[in-house]
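One structure below.
Residue numbers (my numbering): -8 to 526.
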């Protein structure tokens, strides 16, 4: 039981439920169980409410909408079977033949479908490749490959960068333009902002085997980032959002996602006679003696530690965070929307036109520049997007390269530390990207034609730097162009201070911002883009 449950403030008539810091899984809402069987079988529901002030009375709320979760029981951890305690099968013994769950009586969770950890049914084309690996092995293969394109800076792929523009224009941008109905002359003029990548001399001591591996992984990464693949990915999550509140089918959907992604990469490897397992082994062997990949070893160690613990895998956490946002966006239609004000000057669709300036801090090492994965992710967020300014103080942005069908990114412009839910491309801010904790921002208006948003990323695990990206949108006087400026700064945590030991995930947005020391910030880069309207 938590040491703090709740307290009632008599003066303000507010009931406050305290977070149980000894339990990272959620909140305690005041219910205390017993060993009585009837009590243990009591059904619970979680109910969410959308409320608004009742007229002009700020002391009363009117319920606008409510929804309840499916029923569930709260069982003693000690009385639950191994599977229900750990949410995973027993690898060291044979599970019961009828069900993975071994709880007694009415507490046994009868499975109506296949058990969680059995192999999924796959298409004939996938089965033709041979028996599928265990899902844990498949997830590991994907994690290692993603780490290979995420950990080193983009300069690690410098020999392949000359082809980056043509590959992305052909597979991603031109199909997007066609879907938007842009005229042919506008489509032919599309280009990728590769000038944001500062020129760095290529490594002269690179071996032929390493060069082949780099080129191979570069091609593999770009082959999976197409406009069609983004649409298929978004459709898969939309189709499976219904499983969010059912643990069994949720795990089934996760396994299908892993297997689908693994199969896509395996299909691209087949013509060269390689498997994902072989590619993973090659990457791991290379990481031991290539300086740029030394941090990859730490990343792999983190994956191994997570697999050995009772925690969910990073891939599962990412999947659930994304599915949650897709589910909530799909149910948003049933909630009454706020009245949208008349169209502002910012409203409309804007598409990248040209890069105006690129300035990197002299003290910033090229090895600390963004990765290939970060560059591609930013492209899906900011190449072409819709903007609307609601009631003159709420900025909403939605990319035309959405990876997930979620709500618009929303930033309240009141100079107050807040948390946004999704990035413009639909990715959840509640996931770990680049080993950082995301979601904090401060938005403000700097006049009628300028909007500014500071986005913060906080250290997670071995990370020691706080990152701040200031995004400024400035509208041209005649509304013919939108200038987007990015100022990137980092502030290192002092190992001698208590900040280095702070778990930023347990703090509020205001508390996290209060711990940010502007005096320690070092400017990393300043970039300015010009966008043109899409009529």
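Using N, Cα and C, we set each Cβ at its ideal position, and we do this for glycine too.
- prompt: When DSSP labels each residue in this structure, what does residue 433 get in the three-state scheme?
  reply: Here residue 433 refers to the residue found at position 442 when the chain shown is read from its first residue. Here residue 433 sits in strand by DSSP.
query: Cβ atoms of residue 430 and residue 378: under 8 Å apart, would you say?
result: Numbered from its first residue, the chain shown carries residue 378 at position 387. Numbered from its first residue, the chain shown carries residue 430 at position 439. Against a cut-off of 8 Å, the Cβ pair of residue 430 and residue 378 comes out as no contact.
Point to revise | Of the residues 282, 165, 132, the one placed nearest residue 198, counting alpha carbons only | key: Numbered from 1 along the chain shown, position 207 holds the residue referred to as residue 198. Measuring from the Cα of residue 198, the nearest candidate turns out to be 282.
Q: With DSSP as the reference, label residue 574 as helix, strand or coil.
A: No answer is possible for residue 574: it lies beyond the span of the chain, which begins at -8 and ends at 526.
Query raised in the report: Per the contact definition of three or more C-beta pairs closer than 8 Å, is the stretch 143 to 150 in contact with the stretch 163 to 174?
Result: no
* **Start-to-end residues for the alpha helix (DSSP H) that takes in residue 388** => Position 397 of the chain shown, counted from the start, is the residue given in the question as residue 388. Residue 388 -> not in any alpha helix (DSSP H); beta strand (DSSP E) instead, spanning 385 to 390.
Practice problem: Please list, in chain order, all residues of the same chain as residue 269 whose beta carbon is under 6 Å from its beta carbon, the five residues on each side excluded. | Solution: Position 278 of the chain shown, counted from the first residue, corresponds to residue 269. For residue 269, where only same-chain residues beyond five positions count, there are no Cβ hits under 6 Å.
Next on the checklist: Taking a contact to mean a Cβ-Cβ separation below 8 Å, would you say residue 140 touches residue 483 in this structure?
Outcome noted: Numbered from its first residue, the chain shown carries residue 140 at position 149. Numbered from its first residue, the chain shown carries residue 483 at position 492. Going by C-beta atoms, residue 140 is not nearer than 8 Å to residue 483.
Distance, residue 501 Cα to residue 322 Cα = The count along the chain shown starts at 1 and reaches residue 322 at position 331. The count along the chain shown starts at 1 and reaches residue 501 at position 510. Each residue's alpha carbon lies about 29 Å from the other.
Point to revise | Element boundaries [beta strand (DSSP E), containing residue 41] | key: Residue mapping note: residue 41 aligns to position 50 of the chain shown, counting from 1. First-last of the beta strand (DSSP E) with residue 41: 38 to 45.
message: Can you give me the C-alpha to C-alpha distance between residue 267 and residue 207, rounded to a whole angstrom?
response: Translated into the one-based positions of the chain shown, residue 267 becomes position 276. Translated into the one-based positions of the chain shown, residue 207 becomes position 216. For residue 267 and residue 207, the distance between alpha carbons rounds to 12 Å.
Q: Identify every residue that forms a DSSP beta bridge with residue 463.
A: Counting from one through the chain shown, the residue named residue 463 turns up at place 472. The partner list for residue 463 (beta bridge, DSSP) reads 443, 476.
- Query: Do residue 133 and residue 253 come within 8 Å of each other at the CB atom, strictly closer than that value?
  - Reply: Residue numbering aside, residue 253 sits at position 262 when the chain shown is read from its first letter. Residue numbering aside, residue 133 sits at position 142 when the chain shown is read from its first letter. Yes, Cβ-Cβ distance for residue 253 and residue 133 is below 8 Å.
Give me the DSSP bridge partner(s) of residue 458.
Within the chain shown, numbered from 1, the residue matching residue 458 stands at position 467. Residue 458 is bridged to 448, 481.
query = Leaving out five residues before and five after residue 495 in sequence, what residues of the same chain have Cβ atoms less than 6 Å from its Cβ?
reply = The count along the chain shown starts at 1 and reaches residue 495 at position 504. Around residue 495: 428, 449, 503.
- [ ] Go to residue 164, then tell me how far its beta strand (DSSP E) extends in each direction, as first and last residue.
- [x] For the purposes of this step, residue 164 is taken as the residue at position 173 of the chain shown. Element bounds for residue 164: n/a, residue is neither H nor E.
- Query: Residue range of the alpha helix (DSSP H) that residue 372 falls in?
  - Reply: Position 381 of the chain shown holds residue 372. Counting along the chain, the alpha helix (DSSP H) containing residue 372 begins and ends at 363 to 373.
task: Would you kindly work out how many angstroms separate the C-alpha atoms of residue 296 and residue 44, rounded to a whole number?
output: The count along the chain shown starts at 1 and reaches residue 296 at position 305. The count along the chain shown starts at 1 and reaches residue 44 at position 53. The straight-line gap from Cα to Cα measures roughly 48 Å.
Check your understanding: When the Cα of residue 499 is compared with those of 389, 473, 180, 409, which residue comes out closest?
Key -> One-based indexing of the chain shown puts residue 499 at position 508. Of the candidates 389, 473, 180, 409, the one whose C-alpha sits nearest the C-alpha of residue 499 is 409.
Exercise for the section: Put residue 329 into one of helix, strand or coil per three-state DSSP. Expected result: As a position in the chain shown, residue 329 is number 338, starting the count at 1. With a pLDDT of 46 at residue 329, under the threshold of 50, the predicted position of this residue should be treated as unreliable, and no value is reported.
In the DSSP assignment, what are the bridge partners of residue 377? One-based indexing of the chain shown puts residue 377 at position 386. Looking at the DSSP assignment, residue 377 forms a beta bridge with 340, 389.
Review point. How close, in whole Å, do the beta carbons of residue 375 and residue 342 come, if the pair is a contact with beta carbons under 8 Å?
Key: For the purposes of this step, residue 375 is taken as residue 384 along the chain shown, with counting starting at 1. For the purposes of this step, residue 342 is taken as residue 351 along the chain shown, with counting starting at 1. Their Cβ separation, rounded to whole angstroms, is 4 Å, which keeps residue 375 and residue 342 in contact under 8 Å.
**Asked** Would residue 609 pass as a contact of residue 37 if the rule is Cβ separation under 8 Å?
**Response** One cannot answer for residue 609 here, as it falls past the ends of the chain, which runs -8 to 526.
| message | Just to confirm my understanding: we take residue 394, look at its own chain, exclude 5 residues before and 5 after, and list those with CB closer than 7 Å. What are they? | response | Locating residue 394 in the chain shown gives position 403, where the first residue counts as 1. Contacts found: 221, 224, 225, 371, 416, 417, 418.
- Query: So does the stretch 394 to 404 actually touch the stretch 433 to 450, counting three or more Cβ pairs closer than 8 Å?
  - Reply: yes
_Beta-carbon gap between residue 152 and residue 185 smaller than 8 Å_ = Position 161 of the chain shown holds residue 152. Position 194 of the chain shown holds residue 185. The answer is yes: Cβ separation under 8 Å.
Review point. Who are residue 403's beta bridge partners in DSSP?
Key: On the chain shown, residue 403 is found 412 positions in, with the first residue counted as 1. Its beta-bridge partners are 385.
Beta-carbon gap between residue 432 and residue 447 smaller than 8 Å: Taking the first residue of the chain shown as 1, we reach residue 432 at position 441. Taking the first residue of the chain shown as 1, we reach residue 447 at position 456. Contact: yes.
Considering Cα atoms alone, identify which of 381, 310, 320 is closest to residue 334. Counting from one through the chain shown, the residue named residue 334 turns up at place 343. Cα-wise, what sits closest to residue 334 is 381.
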